[in-house]
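Residue numbers (the numbering used here), protein chains in the order written: chain A, 1 to 402; chain B, 1001 to 1082. Quick notes on the structure that follows.
Shown next as structure tokens:
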């Protein structure tokens, strides 16, 4: 939040679109802004009413360069927009830089107005910036698929800290329809036609069961991988992110990083020298580098050399020393040579035959600091990579400083 | 010290503007102590690197400059917003 956490003192907040960008149809601008408001009303008790004249709490406008406040815009790129925290006068107002190319699509040729407006309205409601990569309130523009966009957990936590959770039925933005006052509309405001009131498509928060507590002694994981020095733990649509830069564990959803992979994984591993992480779900796999999914994916796991009898894998882990990846399926495992991109001869082999003390299915596997960690249920087994000897047994969530 | 080549100077000016806009960096124009200014700017670079999870070096390395050039929101990342 901002200093002293300014917030609107009532649940009914009004907004007004003062002018439009020539880059988009007016109806598309109105829809983008209405959907941006819906994101916030769906997770709070707030209700947003659109005014067509007079002073609204949140006045929305497009302008370029110097535009009457102390924060001039800077031409194409750089600063895209800004908005003010709740308050009188300019408080709550959102300004968009007309020198940008605004679009309703999520393309690289322009900035998606819905995404930027959702971010700026976060400020208009009292949120500051987040340093959580993938959060809506992260200061850097991140193009992403907006069709099934869901508010990341970090933003939900932030806005609910200010306004609390929604009432029983999330409030839909209403419009003062017909306009409440008859004062003269400026030409820029008069919509070309009073667009029929669109039933907003409801953007509902994720319906998946609530996230288990970090220190739940029965916590289990679907998949675990390193990623650029961090460690990501997956369960259902949830991610626990452990970073060497920050002491606390970050809570995200998969959709905030890879929207099209929101349903979760069976296995995951990183080949760090290639800055590549592979995700597995059922008999398909994807390769990602950071946020972007490599083109041509998903591919069938048979491409890696699995027989058609293998319908899914349980866990995977890359051994930086040998440049081999171990894939675990039931009580057996394969060794895949990352250099030749082929399965090694003499596999599959019994897990129990080679990994002392690991006599059962492996849910997830991790390689960290020269050791293997095999997760089975709420336990993890720390194994020396070279000798494959069991060192100790820990709780699966021992990484969360419980 | 040798005069910094133009490119570096350009980056330095860009970074200064960025840190003024988003990290409440105030260059003391008539400061007698040039080195004091540089330390202050180095601290602000560290603050920005830490916010974005970059390696905290205090230097205007490539990743830091790239991050500064990303399209973004115009609201500061630190609390000094007025």
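Heads up, the beta-carbon is just placed ideally off N, CA and C, and yes, glycines get one too.
Contact criterion: CB-CB distance below 8 Å. Does residue i meet it with respect to chain B?
| i | result |
| --- | --- |
| residue 156 (chain A) | no |
| residue 392 (chain A) | no |
| residue 249 (chain A) | no |
| residue 78 (chain A) | yes |
| residue 223 (chain A) | no |
| residue 382 (chain A) | no |
| residue 243 (chain A) | yes |
| residue 285 (chain A) | no |
| residue 270 (chain A) | no |
| residue 98 (chain A) | no |
| residue 291 (chain A) | no |
| residue 129 (chain A) | yes |
| residue 120 (chain A) | yes |
| residue 67 (chain A) | no |
| residue 36 (chain A) | no |
| residue 52 (chain A) | no |
| residue 106 (chain A) | no |
| residue 81 (chain A) | yes |
| residue 123 (chain A) | yes |
| residue 71 (chain A) | yes |
| residue 111 (chain A) | yes |
| residue 199 (chain A) | Because the pLDDT at residue 199 (chain A) is just 31, under 50, the model does not fix this residue reliably, and the point stays unresolved. |
Can you confirm whether residue i, when its beta carbon is compared against all beta carbons of chain A, has any partner nearer than 8 Å?
| i | result |
| --- | --- |
| residue 1061 (chain B) | no |
| residue 1074 (chain B) | yes |
| residue 1052 (chain B) | yes |
| residue 1077 (chain B) | yes |
| residue 1070 (chain B) | yes |
| residue 1004 (chain B) | A caution first: residue 1004 (chain B) carries a pLDDT of 49, below 50, which makes its placement in the model unreliable, though a value can still be read off. By this cut-off, residue 1004 (chain B) is not an interface position. |
Here's the rule I'm using: 16 or more other beta-carbon atoms within 10 Å means buried, otherwise exposed. How should residue i be labelled?
| i | result |
| --- | --- |
| residue 303 (chain A) | exposed |
| residue 1066 (chain B) | exposed |
| residue 300 (chain A) | exposed |
| residue 134 (chain A) | buried |
| residue 218 (chain A) | exposed |
| residue 296 (chain A) | exposed |
| residue 1012 (chain B) | exposed |
| residue 242 (chain A) | buried |
| residue 16 (chain A) | buried |
| residue 127 (chain A) | buried |
What is the residue span of the alpha helix (DSSP H) that residue i lies within?
| i | result |
| --- | --- |
| residue 117 (chain A) | 113 to 124 |
| residue 313 (chain A) | No alpha helix (DSSP H) holds residue 313 (chain A); DSSP gives it neither H nor E. |
| residue 157 (chain A) | 153 to 163 |
| residue 29 (chain A) | 26 to 41 |
| residue 354 (chain A) | 351 to 354 |
| residue 1062 (chain B) | 1062 to 1068 |
Since I believe residue j is in contact with residue i (beta carbons under 8 Å), could you give me their beta-carbon distance rounded to a whole number of angstroms?
| i | j | result |
| --- | --- | --- |
| residue 67 (chain A) | residue 95 (chain A) | 6 Å |
| residue 143 (chain A) | residue 112 (chain A) | 7 Å |
| residue 257 (chain A) | residue 266 (chain A) | At roughly 17 Å, the Cβ-Cβ gap does not stay under 8 Å, so residue 257 (chain A) and residue 266 (chain A) are not in contact. |
| residue 375 (chain A) | residue 396 (chain A) | 5 Å |
| residue 105 (chain A) | residue 35 (chain A) | About 14 Å separates the two Cβ atoms, so there is no contact after all. |
| residue 264 (chain A) | residue 222 (chain A) | 6 Å |
| residue 73 (chain A) | residue 99 (chain A) | 6 Å |
| residue 271 (chain A) | residue 318 (chain A) | 5 Å |
| residue 409 (chain A) | residue 260 (chain A) | This structure does not reach residue 409 (chain A), given that chain A is present from 1 up to 402, and the question cannot be answered. |
| residue 328 (chain A) | residue 351 (chain A) | 6 Å |
| residue 1049 (chain B) | residue 1057 (chain B) | 7 Å |
How is the beta strand (DSSP E) around residue i delimited, first residue to last?
| i | result |
| --- | --- |
| residue 392 (chain A) | 390 to 395 |
| residue 1014 (chain B) | Premise fails: residue 1014 (chain B) lies in the alpha helix (DSSP H), 1006 to 1023, not in any beta strand (DSSP E). |
| residue 17 (chain A) | 12 to 17 |
| residue 59 (chain A) | 58 to 63 |
| residue 231 (chain A) | 230 to 235 |
| residue 241 (chain A) | 238 to 242 |
| residue 97 (chain A) | 94 to 97 |
| residue 1078 (chain B) | Careful: residue 1078 (chain B) lies outside any beta strand (DSSP E) and carries neither H nor E. |
| residue 289 (chain A) | 284 to 289 |
| residue 51 (chain A) | 47 to 51 |
Residues of the stretch 131 to 148 of chain A whose Cβ lies closer than 8 Å to any Cβ of chain E, in chain order: No chain E appears in the structure shown, which is made up of the protein chains A and B.
The stretch 346 to 353 of chain A in contact with the stretch 378 to 395 of chain A per 3-pair CB rule at 8 Å: no
The stretch 84 to 95 of chain A contacting the stretch 51 to 70 of chain A, beta-carbon criterion three pairs below 8 Å: yes
Contact between the stretch 78 to 90 of chain A and the stretch 35 to 50 of chain A (3+ Cβ pairs under 8 Å): no
At least three beta-carbon pairs within less than 8 Å, the stretch 1050 to 1069 of chain B to the stretch 112 to 121 of chain A: no
Inter-stretch contact (C-beta, 8 Å, three-pair minimum) for the stretch 153 to 163 of chain A and the stretch 1 to 19 of chain A: yes
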